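Shown next, in structure tokens, is the structure this report addresses.
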Amino acid sequence: MKTAVNDCRIIKLPKIPDPRGNLTFIEGQGHIPFAIARAYWIYDVPGGELRGGHAYREMAEFIVSLSGSFDVIVDDGSERKIFSLNRSYYGLYVPEMLWRHPENFSTNSLCLILASRAFSEDDYIRNYEQFKEIKAQQ
Ligand code: TYD
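Heads up: the sequence shown at position 79 corresponds to 65 in our numbering, and the numbers run straight through without jumps.
Structural data, given as structure tokens:
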């Protein structure tokens, strides 16, 4: 499938409000459109920082701002969209073959990423021009 920016979507997760502290959870299959193979998180990001852009050939991700806020810029080679994440009970689903980069991190933000695959450098496209070429051939 040729993915487009409009295939990305914000998914709201269950929230159990409690005066002792709210609770949100996510299950491997059911809440997001893929089985979770890996989780990683980005932390200690200096305020205002931006991380490198890339696309994944086959991997899908679900991105949650557990604390603080940041923006995710998603690009399909012809259209681009900004998603602002600032709540721990919703996240952004990004399917494969979309260029993305997070930016505008608030101080002390914590970004959790759930991924559909194990880490593989071969799955990365790190050059935007190459990404556009592959996308145009699809
Ligand atoms: P990378 O995804 O390239 O981050 P960014 O595009 O924001 O710079 O990851 C940075 C480094 O961490 C890179 O050398 C690969 C390594 N890494 C792993 O070893 N395992 C992982 O699960 C991830 C996400 C990255």
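C-beta: ideal position from N, C-alpha, C; glycine also. Please read all numbers here as calculations on a predicted model, not as lab measurements.
Distance between residue j and residue i (C-alpha atoms, nearest Å)
i: glutamate 107; j: arginine -5; result: 25 angstroms
i: phenylalanine 69; j: valine 50; result: 11 angstroms
i: aspartate 57; j: glycine 38; result: 13 angstroms
i: threonine 93; j: isoleucine 28; result: 12 angstroms
i: arginine 66; j: valine 60; result: 6 angstroms
i: glutamine 124; j: alanine 101; result: 23 angstroms
i: valine -9; j: serine 64; result: 9 angstroms
i: glutamate 125; j: phenylalanine 91; result: A query on residue 125 cannot be resolved here, the shown segment of the chain reaching from -13 to 124 and no further.
i: threonine 42; j: leucine 71; result: Threonine is not the amino acid found at residue 42; the sequence shown has tyrosine there. When rounded, the distance between both Cα atoms is 21 angstroms.
i: valine 80; j: glutamate 119; result: 20 angstroms
i: alanine 23; j: glutamine 15; result: 11 angstroms
i: aspartate 4; j: tyrosine 75; result: 14 angstroms
Residue burial classification, residue i (beta-carbon count within 10 angstroms, cutoff 16)
i: phenylalanine 11; result: exposed
i: glycine 34; result: exposed
i: alanine 21; result: exposed
i: lysine -12; result: exposed
i: phenylalanine 105; result: exposed
i: aspartate 62; result: buried
i: isoleucine 18; result: buried
i: lysine -2; result: exposed
i: tyrosine 26; result: exposed
i: alanine 122; result: exposed
i: glutamate 115; result: exposed
Identified DSSP bridge partners for residue i
i: tyrosine 114; result: BP columns for tyrosine 114 are empty, so no partner.
i: tyrosine 26; result: Ile99
i: arginine 86; result: His40 and Val60
i: tyrosine 76; result: Lys(-2)
i: phenylalanine 69; result: Val58
**Message:** For the structure I just gave you, are there three or more beta carbon pairs, one from the segment 83 to 95 and one from the segment 0 to 11, closer than 8 angstroms?
**Reply:** no
**Message:** For a minimum of 4 consecutive residues, which ranges assigned as the alpha helix (DSSP H) are wholly contained in the segment 1 to 65?
**Reply:** none
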